[in-house]
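Mapping of the sequence shown onto full-length UniProt numbering: residues 1 to 263, in sequence order.
This report refers to the structure that appears directly beneath it.
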Amino acid sequence: MYVDVLAKAAGMSEEERQSKFKSLEFTVSGGASISPDMIRHIKTTLGLERSMQVYGMTETSPVTFLHPAENELSANKAHTVGKVLEHTEVKVVDSENRMVPLGQQGELLVRGYCNMLRYWGNEEKTKEMISEDGWLRTGDQFVLTEDGFGQVVGRLKDLIIRGGENIYPGEVEDFLTNHPDILEAYVYGVRDERMGEEIGASIRLQDNCSLSEADLREYCKGKISHFKVPRYIEFVQDFPKTTSGKIRKFILKENMEKRLMNV
């Protein structure tokens with residue numbers, strides 16, 4: 001939603017923006033990660049001092065992380081989802097269910113009054129998601145900082161493993177959206193016989209902008225690791241979304257793989 005609002009606002013005069021958004025006091029984002037660059041655009045384009053990211057899921061009723069008011073849009077906290085709410089416990093664990101040190105990545109687990117009791121009529125799924133001592137698995141790759149802030153790295157199921165290298169789509173997406181001509185970018189793994197997976201990217205450009213695959217690869221050169229540069233790139237006008245507005249990455253992945261089969 002913010003992407004479309006910002007794109008429209010960018011084409012307005014300063015006077016028109018002030019008129020259209022004069023009643024807007026602050027923004028809240030959730031449901032999907034939002035890049036620090038987007039946060040900056042919200043502040044500068046809409047003229048807001050207050051904006052925050054939140055984190056949660058339906059199974060946790062739903063918000064578990066929230067930005068304290070004094071840290072809203074703080075430059076060094078813009079990439080985080082704030083701090084855990086009161087009466088809620090969180091921990092980050094590795095693949096063996098062991099807690100990892102602060103600052104290291106792992107899966108986020110949540111426990112507290114906020115958690116659901118069970119999935120209705122699905123005991124097997126409930127046992128898969130919630131441990132006997134009440135910890136709920138989020139399926140999100142997460143980092144907790146020493147000062148208590150949380151950062152979403154990506155969905156565990158979205159992790160790309162290319163030739164043994166772990167690649168988190170969110171990191172590449174944040175880098176790509178720093179390009180001035182790119183409005184949105186979504187990255188995913190594409191099946192590859194040699195490497196296991198290669199990186200695919202679906203990109204939506206700013207209005208009246210043009211960018212080629214070669215231009216984009218040149219932009220990436222020397223700025224991110226060579227194995228994180230997307231091999232397969234497509235430029236699109238829009239993205240498939242759920243009814244709640246989340247991007248359906250599996251459709252982007254399927255469409256890219258079908259396209260490559262026909263090449």
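Beta carbons: idealized from backbone N, C-alpha and C, even for Gly.
- Checking the DSSP bridge columns, you'll see M52 partnered with V28.
- For R259, no pairing in a beta bridge is given by DSSP.
- In this structure, the alpha-carbon of M57 lies about 13 Å from that of V81.
- About 7 Å separates the beta carbon of K249 from that of D158, a gap short enough to meet the 8 Å contact definition.
- With respect to the C-alpha of N76, the residue from N262, D37, V187 having the closest C-alpha is D37.
- For S19, the enclosing alpha helix (DSSP H) covers residues 14-20.
- Rounded to whole angstroms, the Cβ separation of T27 and L48 is 6 Å, and the two are in contact under 8 Å.
- Around the CB of W120, fewer than 16 other CB atoms lie within 10 Å, so the residue is classed as exposed.
- Residue range 196-205 is occupied by the beta strand (DSSP E) that includes G196.
- Spanning the alpha carbons of V92 and G189 requires a straight line of approximately 24 Å.
- D215: member of the alpha helix (DSSP H) spanning 213-220, first to last residue.
- The count of Cβ pairs closer than 8 Å, one atom from the segment 196-210 and one from the segment 232-248, reaches three, so the stretches are in contact.
- Of the residues assessed, A78 falls on the buried side of the cut-off, its CB having 16 or more other CB atoms within 10 angstroms.
- Proximity to P180 across E15, H41, G222 peaks at H41, based on C-alpha coordinates.
- In the same chain as L176, and ignoring 5 residues on each side of it, the C-beta atoms closer than 6 Å to its own belong to I182, A185, in chain order.
- Taking C-beta atoms under 8 Å as the contact rule, T138 and L109 qualify, at a distance of about 7 Å.
- Secondary structure note for I39: its alpha helix (DSSP H) is the uninterrupted segment 36-46.
- Taking each of L46, S35, S23, R194 in turn and checking the Cα distance to S13, the smallest one comes out for L46.
- According to DSSP, residue pairing for A7 in a beta bridge does not occur.
- Around the beta carbon of Y55, a 10 Å sphere encloses 16 or more other beta carbons of the protein chains shown; the residue is thus reported as buried.
- V172: member of the alpha helix (DSSP H) spanning 169-176, first to last residue.
- The beta carbon of M195 is closer than 7 Å to those of R162, G163 in its chain, skipping five residues each way along the sequence.
- Runs of alpha helix (DSSP H) with 4 or more residues, each lying fully within the segment 68-154, are found at 123-129, listed in chain order.
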